[in-house]
Structures are given as structure tokens and as C-alpha cells.
Amino acid sequence: MKIIVYTLFMALPLFVFGSTLGELTEYAITHSTVMKQSAAQRDLSELKRKESKVQQYGELNLVGDYTHYNTARTLAPLTPNAISTGVSITTSKDIFYTGLSYAVPLFTGFAQTRQIEISTIAKQMAEAKMKLSKEQLVYNVRSLYLSVLAQENILQAQRAYTKALHTLSKQIAYEVELGKKGKIDLLKAQSNAQASQTQVEILQNNIDISKATLSSLVGKEVTHLSAINIKVKKPNYSVNRLYAHVSQLAKVEVEEMSLRKADKTIAKSESAKLPQVNFSGFVGKNYAEDLVTNDWDNETLWQAGVNVKWNVLDFGKRDLGVQQAKIAKMEATFQKEQTLRDLKKLLTEAVAKIKQSYASYLGNVKQLRLSTKSESIEAVRYNNDVSTLNDLLLAKGQTQLARAKMIESRYNYQKSKFYLDYLLEKGVK
Numbered sequence: 147m148k149i150i151v152y153t154l155f156m157a158l159p160l161f162v163f164g165s166t167l168g169e170l171t172e173y174a175i176t177h178s179t180v181m182k183q184s185a186a187q188r189d190l191s192e193l194k195r196k197e198s199k200v201q202q203y204g205e206l207n208l209v210g211d212y213t214h215y216n217t218a219r220t221l222a223p224l225t226p227n228a229i230s231t232g233v234s235i236t237t238s239k240d241i242f243y244t245g246l247s248y249a250v251p252l253f254t255g256f257a258q259t260r261q262i263e264i265s266t267i268a269k270q271m272a273e274a275k276m277k278l279s280k281e282q283l284v285y286n287v288r289s290l291y292l293s294v295l296a297q298e299n300i301l302q303a304q305r306a307y308t309k310a311l312h313t314l315s316k317q318i319a320y321e322v323e324l325g326k327k328g329k330i331d332l333l334k335a336q337s338n339a340q341a342s343q344t345q346v347e348i349l350q351n352n353i354d355i356s357k358a359t360l361s362s363l364v365g366k367e368v369t370h371l372s373a374i375n376i377k378v379k380k381p382n383y384s385v386n387r388l389y390a391h392v393s394q395l396a397k398v399e400v401e402e403m404s405l406r407k408a409d410k411t412i413a414k415s416e417s418a419k420l421p422q423v424n425f426s427g428f429v430g431k432n433y434a435e436d437l438v439t440n441d442w443d444n445e446t447l448w449q450a451g452v453n454v455k456w457n458v459l460d461f462g463k464r465d466l467g468v469q470q471a472k473i474a475k476m477e478a479t480f481q482k483e484q485t486l487r488d489l490k491k492l493l494t495e496a497v498a499k500i501k502q503s504y505a506s507y508l509g510n511v512k513q514l515r516l517s518t519k520s521e522s523i524e525a526v527r528y529n530n531d532v533s534t535l536n537d538l539l540l541a542k543g544q545t546q547l548a549r550a551k552m553i554e555s556r557y558n559y560q561k562s563k564f565y566l567d568y569l570l571e572k573g574v575k
């Protein structure tokens, strides 16, 4: 297979070391706000999972209360034994109590278990989405990096073209003084040189904008970029072979997790039809000033109990909840199917773009070679007064356009390969 290798050199002093593509992607993964937000979402899902898990252990609360009554009350409930002993019983209108209360669900129809499973799946989805965010970030950095390099190469070629036009203008000016050329030729050459210089300034501004965008994405200022090697070779991709492995992609895994999450949500909704059993307990003291003796007294109280609640009729509320969960699962199923279809379409487009970029590059290389020959011939013809300056300037312009297209198509070829890596989640090593 024929391979065309190009090493791209930037017009920079030897002592200036630019940032490499690998360095920028690694830095972006660590410092980019996009990744920090994704990591925060992952941490949040982990906290929610832990919250769901600890809820099954119930709550222990420190409680306190003060109550004023319109009639005197006893510190503790009266029992037959307390009445029969004849012991003085403390009464008061102002009673304080402090203590500890504990409540824990004993059986929730497996709702808590399902919620823990749902939270676990949500955490796994957050981790998968973080991976997708990382792939997206790496692709964006790569794409912008190539855009800057392409623009810098085109700028370098444009400057060389401008310099050639200025040289041509000086040559024509000299021949005008000798009377060999008309002044109109000099004006045309100078006009084209000025237009080319304007294009140089436009390209430089575009480079500055692209570098600013890249800096914002990476998380640090980017000034100089290192060249990269681009191997342009005939693509040999099969969409069907690539699509056969999409089940392993995080994009598809996220949709499968959504389906499992929907199943757990249905099971959780069904748990509302089962009885709910809860345990609660309390231990504490009641304090009060006795109305008769004016002495402070206290009584220790504790209690423990089990509560059972079984909703036998809610006029269809639980059934509606189950139906909502089932519809959510249907939506997740449709979403997975659409994701698979979109992947097939995107893979087809990506492979087609690689093939188009390759064909465009080969065509532009041939066009540049022919345009260069044509320009050389027109230069000889013009110097021998066989053709006009317009013919020469047109030939030069076509050569410059072909050169710019060749540079752009080479980088577009590499961008297309990076895009396929992004779809196949191969961008992050």
C-alpha cells in the first residue's frame, strides 16, 4: 500500500519549543472545567448511592420538648400499681422532656433495596458519561490543534506567495523604467500583492481566534504548537466490521444501564403494593416542678414498638406509578434503538469522510503539481511578451489556491480519522 508521509514544520525559531498534541490533551483531561464538571457529577452520584444505602439503618435523634398545660399533668402515665401504693405523684402544668428516639424501616417491600440498586446504576452511568466527556474533550482538542496547524501552514504559504508578488512588482517596476512594460502591469501586480497581504492578516487573526478557543478548552494559554506527522494512506475501513463492536462502547452501555435502571424503577413502584413495617423506640426523662412541694422531679420513660402499614386502596395511585415506570422503560428502549441507528449512520459518514478526504488530497496534490508547471510556463511566456500579466497572475493565484487546498485536505484527512476514533472511543489511550 502506498503511503505518503509528510512532516509538518512550523515557521518558528529553533529555540522555541511548542506544546505537543499529547501534552495538551493530557493537560486538558486534568485541568479542563468540562472534566471537572463531569467528575463532580460522578462524585455526586456516588454520594447519592451512599445516601440510599445508609437510609436502611434508620435515624437516631436527640429530642427535647417543653409543654405548658391548662391543667396539671403527671410526669408519667398513671398505672394501677402507682395508684395503689399511695405514693405522692408529682404534677405540674409545665413539663420538659429530653431523650433519644430511633426509627428504622424493617420491611419496605424491597423499595430500599431497589433504590440502592438504582443509585448504583446511576453511579455507573455517571462514570460512563465521564468517559464519553473525556473522549469528546480529546476530539475537540485534536480538531482545534489540527485547525491551528493547517492555518499556520496556509499562512506560511500565503506569506511566500505575497513575497513572490512583491518580487514580481519590483521586477515589473524596473522594466517599466526601462520601457519594456506598461505601468498598468505594475498597478495590477501591486494590487494583487496588497490583496495577498490582506489575506495574510486575515489568516493570522483566524489563527489567534483558534488558539484562544484551544486555550479555553485546554485550561491554559497556548502559544506555539509542535508539528505532527500525518500519514496519508488509502483507507480500508468496513462499516459493518466497525459496527459489529459497538455493543462495547460506553454510548451503548449507558443506554443499557438506562434499561436496567428502568427495570429497577418498575420493581420499586411495585413494592408500594406490599406492607410497610417500621420499628421505633424512645428513651428519655420528663422534668417538672411539683405544684405542691415546688420541688423538681423527673421520671424515666422508654418505649419500643413495631408499626405495620398496608395500603389496600389508593384508587389506582400505585398502579399509575407502575405504569409511569413502564413507560419510562419503553422510552429507554426506544432511545437505545435510536442510539444504535445513529451510530451506524455516524460510522458510515465518518468512513465516507475519510475516503473523501483521501481522494481530495490526491486530487489537490496533482492539481498543485500541474498548477506549478503552468505558473512556470506563464512566467516564461510573460517574460518573452507572449502572454499578459493577467495570465501570469491567474496562474500564480491558481497555484496558491491549489497549495492551500492541498494543505487543508491533508489536515482534514487526519481530522476525519480522529473523528472515527472519537466515535469508536479510541481517542483516550
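Here my numbering is used: the first residue of the sequence shown is 147, the next is one more, and so on.
Glycine included, each C-beta is placed from N, C-alpha and C at the ideal position.
**Request:** Specify the secondary structure class of S426 as computed by DSSP and reduced to three states.
**Result:** strand
N- and C-terminal bounds of the alpha helix (DSSP H) containing H391:
Neither: H391 is in no alpha helix (DSSP H) and is coded neither H nor E.
Distance between beta carbons of T534 and S517, contact taken as under 8 Å:
Not quite, the Cβ-Cβ distance comes to about 18 Å (not below 8 Å), so this is no contact.
- Query: Under the rule that 16 or more other beta-carbon atoms within 10 Å means buried, what is F564, buried or exposed?
  - Reply: buried
Item to complete: Could you spell out the range, first to last residue, of the alpha helix (DSSP H) harbouring V180?
Response: T179 to V200
Subject >> Cβ contact check for the stretch 520–527 and the stretch 396–410: 3 or more pairs under 8 Å >> reply: no
Neighbourhood of M552 by C-beta distance below 8 Å, restricted to the same chain and skipping five residues each side: Y507, N510, V511, Q513 and L514
*Simplified DSSP assignment, three categories, for F480*: helix
E263 versus K519, T411 and L566, residue with shortest Cα-Cα distance = T411
- request: Could you give the DSSP three-state label for K327: helix, strand or coil?
  value: coil
**Prompt:** Alpha carbon to alpha carbon, how far is S362 from R305?
**Reply:** 28 Å
From S184 to G365, what does the alpha carbon distance come to, in whole angstroms?
15 Å
In terms of alpha-carbon separation, which member of L190, G204 and D240 lies closest to D441?
-> D240
Meets three-Cβ-pair contact criterion under 8 Å: the stretch 438–458 and the stretch 416–424
yes
### Of the residues L295, I473, K327 and N432, the one placed nearest G210, counting alpha carbons only
N432
With 16 as the cutoff for other CB atoms within 10 Å, does I500 come out buried or exposed? buried
Output needed for T254: all residues of its chain with C-beta closer than 7 Å, excluding positions within five of it in sequence on either side, in chain order. S417 and Q422
Buried or exposed: which applies to A341, given that a residue is buried once 16 or more other Cβ atoms fall within 10 Å of its Cβ?
exposed
For L371, which option in N216, D354, K475 and S247 has the closest C-alpha, if you only look at C-alpha atoms? D354
Exercise for review: Might you give, ordered along the chain, the residues of its own chain that have their beta carbon closer than 8 Å to the beta carbon of A257, omitting 5 neighbours on each side?
Suggested key: K414, S417 and A418
Exercise for review: Could you check which residue in Q343, N352, L311 and L349 has the C-alpha nearest to that of L332?
Suggested key: L311
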